[in-house]
Amino acid sequence: VAKGAAGFVAGGRATDPAPWRATEPVRREPAQPPRTPIPAPSFTGVPVPEPAPVSGRSRTPFVIAGAALATVLAAAGVYFAVDGGETPATAAASTIDAAATPAGAPPATSDSAYISEVSEDVLPLLPGKLITSSSSCDKSGFSYEGALQLRCVVIADSSVGKVMRLAEDDDQWVTAWRDDQYARSNFIRYRDRTLSGYASRVHSSGDRIVNYATDDTYSSGFETIDRKTGLILTYSVDTVEQGLTLATELGFADS
């Protein structure tokens, strides 16, 4: 809301000149005969115009407009009383800004290259079970491609935690982000050419895939992709079985 200031110019009041005073002695003029008085001119009254006839147009629109203005002013008064300070101009600007703001990120397409920039780009894409089974899903960093990542912490005392058989004092971290181009290209790579020491499983939907390390001597890394939404999830588990269980619970692998 642009703020302006009204300028006032204070003009100095002109000083009236001092009354003129004669500086010469007053001279007497010779006496003259009295002048004949001139009769005062007489003025006839100026005719007052007749009031214009009132047209037949109804004054209802003016009454309605006045009522509408009164309603607006009353609403403004209630707004100030309740909200306590935001000017109508500010409120109007806020409304315009909210209306101009796009609702959510664009959908993933066959040639989109969108990456997550804020948490709201990722949260709507997460499986419901991941959200309800996690104590938090907070920002954790960025991918190599610069996409914002969230880390969800699955707790043991949750539906997913119990199916995974997490220890009572244990939890499971799941990193999530969106990258449309990465999701499409790696979905094809994992599906068509599996690297040595890794395995892949394509979901029956045809849009999701799970890629994981088969050697779980120490741990096994998992990556799940949904090329339809651009969502990527990664996590590390103790065993392959535990990782596949999590992928199944989150809807990336068939049971």
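Residues in the sequence shown are numbered from 7 upward in steps of one, following this note's numbering. Glycine residues also receive a C-beta, built at the ideal position from the N, C-alpha and C atoms.
N- and C-terminal bounds of the beta strand (DSSP E) containing residue i
i: K145; result: S140 to F148
i: T230; result: S226 to D232
i: R171; result: It is not in any beta strand (DSSP E) - R171 carries neither H nor E in the DSSP assignment.
i: I121; result: Run containing I121: none; DSSP gives neither H nor E here.
i: S164; result: First-last for S164: undefined, no H or E at that position.
i: S242; result: L237 to V243
Cβ-Cβ separation, residue j to residue i (assumed contact under 8 Å), whole Å
i: D222; j: T245; result: 5 Å
i: A219; j: G203; result: 6 Å
i: V160; j: D177; result: 6 Å
i: A111; j: D127; result: 5 Å
i: S164; j: S139; result: 4 Å
Neighbourhood of residue i by C-beta, 7 Å cutoff - its chain only, sequence neighbours within 5 removed
i: A259; result: R207, H209, V216, L250 and A253
i: Y150; result: none
i: A153; result: I121, S122, W183, R184 and D185
i: T200; result: S206
i: M170; result: Q178, Q248, T251 and L252
Spatial neighbours of residue i in its chain, beta-carbon cut-off 6 Å, leaving aside the 5 residues before and after
i: G257; result: P133
i: F228; result: Y218, Y241 and G249
i: Y224; result: none
i: Q187; result: A119
i: E174; result: A162
i: S146; result: Q155 and R157
Test item: CB-CB of residue i and residue j under 8 Å
i: W183; j: I137; result: no
i: C143; j: L156; result: yes
i: D213; j: R195; result: no
i: E255; j: K135; result: yes
i: V180; j: C158; result: yes
i: V243; j: S261; result: no
Bridge partners - residue i, DSSP secondary structure assignment
i: R157; result: D144 and T181
i: V216; result: R207 and T230
Bounding residues of the alpha helix (DSSP H) (the contiguous stretch that carries residue i)
i: Y204; result: Taken as a continuous stretch (DSSP letters only), Y204 belongs to no alpha helix (DSSP H), being part of the beta strand (DSSP E) at Y204 to V208.
i: L250; result: V246 to E255
i: R195; result: D186 to D198
Proximal residues to residue i (C-beta, below 8 Å), its chain only, five neighbours per side dropped
i: R197; result: S206, V208 and I215
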